[in-house]
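**Student:** Sharing a structure here in structure tokens format.
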Amino acid sequence: MKVDTIINEIQAGQTDAFQEIVREYQRDVWQVVVAVWRALGPQPQSLAVVEDLAQQVFVDAFIHLEQFQRGSDFRAWIKTIARNRVRQEVRSRSREQQRVLVYAQHLEQRLLDDGRASSHEEEFREALEQCTEELTDRAARIIRQRYEESLTFEQIAVQEASTANAVRKLFARALLNLKECIQTRLAQA
Numbered sequence: 001m002k003v004d005t006i007i008n009e010i011q012a013g014q015t016d017a018f019q020e021i022v023r024e025y026q027r028d029v030w031q032v033v034v035a036v037w038r039a040l041g042p043q044p045q046s047l048a049v050v051e052d053l054a055q056q057v058f059v060d061a062f063i064h065l066e067q068f069q070r071g072s073d074f075r076a077w078i079k080t081i082a083r084n085r086v087r088q089e090v091r092s093r094s095r096e097q098q099r100v101l102v103y104a105q106h107l108e109q110r111l112l113d114d115g116r117a118s119s120h121e122e123e124f125r126e127a128l129e130q131c132t133e134e135l136t137d138r139a140a141r142i143i144r145q146r147y148e149e150s151l152t153f154e155q156i157a158v159q160e161a162s163t164a165n166a167v168r169k170l171f172a173r174a175l176l177n178l179k180e181c182i183q184t185r186l187a188q189a
């Protein structure tokens with residue numbers, strides 16, 4: 001049966017007639033898919049990749065059947081579809097691999113940054129502990145009450161038998177001393 005006749009039947013609603021086209025050109029499509037894939041991309045990981053591409057070529061041909069010029073070489077037309085489908089797949093996989101590579105590099109950089117941040121946090125924590133030990137007992141106690149126990153200045157004043165204003169001033173001086181001490185220690189590290 002001639003291809004033009006089969007195409008007429010398909011367009012008339014007898015879609016089962018497309019099976020004849022698949023049987024007739026399946027070998028040609030497979031050969032093109034494998035050859036172009038080998039030339040442009042990696043070796044197919046499995047027979048399933050080639051099968052999927054070949055099936056997609058026939059789907060593309062069916063969808064665009066009205067674009068085939070009657071009287072032309074159908075074999076050349078479907079081989080062109082096969083080459084284009086494989087090229088498109090190789091480009092798509094290449095873009096995907098590029099995105100994966102960029103993402104992997106991003107993650108690697110982020111892990112390095114997290115490692116540096118973690119190291120910096122540890123250095124800061126050590127400097128804070130050492131500098132807190134250098135404060136007077138009263139100043140260190142007020143810092144702990146404010147930050148660790150979350151007490152207000154009024155509550156601290158009651159415990160320290162002092163005024164809230166005096167506690168605020170001592171707290172501010174202690175923070176300033178801590179800041180200067182920590183900066184000095186981190187600069188030396």
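All the letters of the sequence shown, read from the start, carry residue numbers 1 to 189 under my numbering.
Backbone N, C-alpha and C define an ideal beta-carbon position, used for all residues, glycine too.
1. Return the CA-CA distance between T184 and R95, expressed in angstroms with no decimal places.
2. Round the Cβ separation of A82 and V59 to the nearest angstrom and send it over; I've been treating them as touching at under 8 angstroms.
3. Let me check understanding here. Comparing Cα to Cα, which of E149, C181, R173, E89 lies closest to E129?
4. Evaluate L53 with the Cβ neighbour count: other Cβ atoms within 10 Å of its Cβ, from every protein chain shown; 16 or more gives buried, anything less gives exposed.
5. At the level of alpha carbons, what is the spacing between D268 and R38?
6. Nearest to R85 by CA position, among Q55, Q109, Q105, is which residue?
7. Who are the near neighbours of L40 in its chain, counting only those whose CB is closer than 6 angstroms to its CB and skipping five residues on each side?
8. Could you tell me the distance, in whole angstroms, from the CA atom of F74 to the CA atom of V3?
9. Among L176, Q69, I156, which has the Cα closest to the Cα of V167?
10. By Cβ distance below 8 angstroms, which residues in the same chain neighbour T163 in space, the five residues on each side in sequence not counted?
11. Can you look up Q11 in the DSSP assignment and give me helix, strand or coil?
12. When we look at the beta-carbon of R146 and count the other beta-carbons within 10 Å, is it buried (16 or more) or exposed?
13. In the DSSP assignment, find the alpha helix (DSSP H) that holds E180 and state where it starts and stops.
14. In this structure, does DSSP put H192 in helix, strand or coil?
15. Count the other CB atoms, across all protein chains shown, that sit within 10 Å of the CB of V32; report buried if there are 16 or more and exposed otherwise.
16. State the DSSP-derived secondary structure class of Q69, mapped to helix, strand or coil.
17. Taking all protein chains shown into account, do 16 or more other C-beta atoms lie within 10 angstroms of the C-beta of V102, making it buried, or fewer, making it exposed?
18. Going by C-alpha distance, which of A61, S119, A48, K79 is nearest T238?
**Tutor:** Looking at the atomic coordinates:
1. Start at 1 with the first residue of the sequence shown, and residue 184 comes out as number 184. Start at 1 with the first residue of the sequence shown, and residue 95 comes out as number 95. Distance between T184 and R95, taken at the CA atoms: about 49 angstroms.
2. Looking up residue 82 in the sequence shown gives position 82. Looking up residue 59 in the sequence shown gives position 59. In fact, because the Cβ distance is near 12 angstroms, the residues do not count as touching under 8 angstroms.
3. Start at 1 with the first residue of the sequence shown, and residue 129 comes out as number 129. Closest option to E129, Cα to Cα, is C181.
4. Indexing the sequence shown from 1 puts residue 53 at position 53. Buried, because 16 or more other Cβ atoms sit within 10 Å of the Cβ of L53.
5. As displayed, the chain neither begins before 1 nor continues past 189, which places residue 268 out of reach and without an answer.
6. The sequence position of residue 85 within the sequence shown is 85, counting from 1. It is Q55 whose Cα lies nearest to the Cα of R85.
7. Numbered from 1 along the sequence shown, position 40 holds the residue referred to as residue 40. Correct list, in chain order: V90.
8. If you number the sequence shown from 1, residue 74 lands on position 74. If you number the sequence shown from 1, residue 3 lands on position 3. Those two C-alpha atoms are separated by around 7 angstroms.
9. The residue given as residue 167 occupies position 167 in the sequence shown. The shortest C-alpha separation from V167 is found at I156.
10. Mapped onto the sequence shown, residue 163 falls at position 163. Contacts found: A157.
11. Within the sequence shown, numbered from 1, the residue matching residue 11 stands at position 11. Residue state, collapsed to three classes: helix.
12. Indexing the sequence shown from 1 puts residue 146 at position 146. In summary, R146 is buried, with 16 or more beta-carbon neighbours lying within 10 Å of its beta-carbon over all protein chains present.
13. Indexing the sequence shown from 1 puts residue 180 at position 180. Note, E180: alpha helix (DSSP H), 164–188.
14. Because residue 192 is not part of the residues shown, which for the chain are 1 to 189, the question remains open.
15. If you number the sequence shown from 1, residue 32 lands on position 32. V32 should be labelled buried.
16. Along the sequence shown, one-based indexing puts residue 69 at 69. Residue state, collapsed to three classes: coil.
17. For this step, residue 102 is matched to residue 102 along the sequence shown. Classified as exposed, V102 has fewer than 16 neighbouring CB atoms from the shown chains inside 10 Å of its CB.
18. Any question about residue 238 goes unanswered here, given that the chain covers just 1 to 189.
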